[in-house]
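Add 2 to the 1-based position in the sequence shown for UniProt numbering, that's all there is to it. Even for Gly, the Cβ is constructed at its ideal location relative to N, Cα and C.
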Amino acid sequence: SSNSIAFLGLGNMGGPMAANLVRAGFNVQAFDPVEVALEQARKNGCAIAASAREAVQGADVVVTMLPNGDAVKSLFLGVHGLLEQLPPEVLLIDCSTIAANDARQVIAAAGQKGIAAIDAPVSGGTAAAAAGTLSFMCGGDAEAIARARPVLEAMGANIFHAGPAGAGQVAKTCNNMLLAIQMIGTAEALQLGVDNGLDPAVLSEIMRSSSGGNWTLEKYNPYPGVMEGVPASNGYLGGFAVALMLKDLGLAMDTAAGSASSTPLGALARNLYQLHGGTEAAKRLDFSSIQKMFSRPVGK
Ligand code: NAD
3 SSNSIAFLGL
13 GNMGGPMAAN
23 LVRAGFNVQA
33 FDPVEVALEQ
43 ARKNGCAIAA
53 SAREAVQGAD
63 VVVTMLPNGD
73 AVKSLFLGVH
83 GLLEQLPPEV
93 LLIDCSTIAA
103 NDARQVIAAA
113 GQKGIAAIDA
123 PVSGGTAAAA
133 AGTLSFMCGG
143 DAEAIARARP
153 VLEAMGANIF
163 HAGPAGAGQV
173 AKTCNNMLLA
183 IQMIGTAEAL
193 QLGVDNGLDP
203 AVLSEIMRSS
213 SGGNWTLEKY
223 NPYPGVMEGV
233 PASNGYLGGF
243 AVALMLKDLG
253 LAMDTAAGSA
263 SSTPLGALAR
273 NLYQLHGGTE
283 AAKRLDFSSI
293 QKMFSRPVGK
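Okay, here's the thing in C-alpha cells:
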C-alpha cells in the first residue's frame, strides 16, 4: 500500500500539492525548513515533522518538490543522506525541476539500495498545483511509475511516461525552452502591432485564432490588461518567476551541450531572459514580464 506519504518541500508548488494528497485521503507527513510553509501545511491537514529524517519515518512514498538539483542531491545522497535511512520498500517521487543527470544520479543511487525512484517534474504552475490538474512528465521504469500513479493522480490530470530515468526532466527542459521562445515571440509580435496602432486585445484574439496561436495567447497573455487573472494584469506578480525560467533555460543549454544539439532559439531566449532579469527585483517577476523589454521607449 502507499497510504503514508512523506512530502518534503512545501513552497509555492509543494504546499498545494501536499494539500491535495490530504484531500485524497493519504496520511501526509510534511517537512520544510521554512516555518510559515510548515504552519500552512498543518492548517491543510498535514502532520508536520521537525526534520526530513522524521518526516520519512514509516512512509511508503517520499515526494520531493525542491528548488534545484543541489537541494535534491544533498537531501538523498552522502553519509547523512536519506538513502542511508530508507527501507527498500519505499518509493521516491521527485517532482522538482532539476538536471536530467542529477535525476539519474539520485535514481541510480536509490537503485543500489533496492529503492525504486522516478523523476516526475510538473507543468501547469501554481494554479494547476492548487486545482490538482498538473501534468507529470515521468522518467523511470514502468513498474515504479505504475506504483506512483495513484499518488500522482491525486495531484494531476495528465501523467506521461517520457522514458527511462531522467527522461521526465529532458521532456520538462524541452517544454520550458519552447515556452520561453513562444513567450518572447508573442511579446515581440504584440508590441509590433501596438507600435503600429493596433489594440493589443484585438491583435491577441486575431493571432490566437490564426496560425500564430499558442499557449501564451490562450492562457497567459503577456500584455497588461488583455486577459484577466494572469500575472500581466497584476503587475507581473506571482506566477512563474524569471529566476526559475532562467534556471530552466540553463538546464536546456547544459542538456544541448551534452548531446551536441543546436538550440539557437533557446540560446537567444536564455540571453534575452538574462538581460531582462538583470536585477533581483526583475528576477522575482513573472516570466511574461519580458513584454516590458519590448515596450521600452528606445529609439522611438
Ligand atoms: P519554492 O522555492 O516556492 O519552494 C521550494 C521549497 O523547498 C521551499 O519552501 C524550501 O524551503 C524547501 N526546501 C529546500 N530544501 C529543503 C529540504 N531539504 N527539505 C524540505 N524542504 C526544503 O519553489 P516552487 O515554485 O514551489 O518550485 C519547486 C520546483 O518546482 C522547482 O524546481 C521549480 O522549478 C518547479 N516548478 C515550479 C513551477 C511554478 O510555477 N512555480 C512550475 C513548474 C515547476
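Check, Outcome
"beta-carbon Met139 near the ligand NAD non-hydrogen atom, thresh 6 angstroms", "no"
"Sequence-distant residues of its chain with Cβ nearer than 8 angstroms to Ser290 (five each side left out)", "Met185, Ala189, Thr218, Tyr222, Asn223, Pro224, Val232, Pro233, Ala234, Tyr238, Gly241"
"Closer than 6 angstroms: Asn14 CB and nearest the ligand NAD heavy atom", "yes"
"Where Gly301 falls, given that 16 or more other Cβ within 10 Å makes a residue buried", "For Gly301, the predicted structure reports a pLDDT of 49, less than 50, and the residue's modelled location is therefore unreliable. A value from the coordinates is still provided. By the neighbour-count rule (16 or more Cβ atoms within 10 Å), Gly301 is not buried but exposed."
"Own chain residues within Cβ distance below 7 angstroms of Met209, not counting five before or after", "Ala191, Gly215, Leu219"
"Buried versus exposed, by CB contacts within 10 Å (16 or more), Arg44", "exposed"
"Inter-stretch contact (C-beta, 8 angstroms, three-pair minimum) for the region 99-114 and the region 249-260", "yes"
"Start-end ranges of the alpha helix (DSSP H) lying completely within the region 9-71, minimum 4 residues", "16-25, 37-45, 54-57"
"Simplified DSSP assignment, three categories, for Gly301", "For Gly301, the predicted structure reports a pLDDT of 49, less than 50, and the residue's modelled location is therefore unreliable. The matter cannot be settled from this model."
"Buried or exposed by the 16-neighbour rule on C-beta atoms within 10 Å, applied to His82", "exposed"
"Cβ-heavy atom distance, Asp34 to the ligand NAD, below 6 angstroms", "yes"
"Outcome for Ala21 when other beta-carbon atoms lying within 10 angstroms are tallied against a minimum of 16", "buried"
"Unbroken alpha helix (DSSP H) run spanning Leu253, endpoints", "244-261"
"The region 70-90 contacting the region 29-39, beta-carbon criterion three pairs below 8 angstroms", "no"
"Through-space distance from Ala54 to Gln293, alpha-carbon basis", "40 angstroms"
"Paired residues, beta bridge with Leu93 - DSSP", "Val63, Ala118"
"Proximal residues to Pro202 (C-beta, below 6 angstroms), its chain only, five neighbours per side dropped", "Leu192, Val196, Tyr225, Val228"
"Contacting residues, own chain, Cβ-Cβ under 7 angstroms from Ala132 (five flanking each side not counted)", "Pro18"
"Candidates Met255, Ser263, Ala262: closest to Asn273 by CA position", "Met255"
"Nonlocal neighbours in the same chain, by C-beta distance under 8 angstroms from Ala110, ignoring five residues either side", "Ala167"
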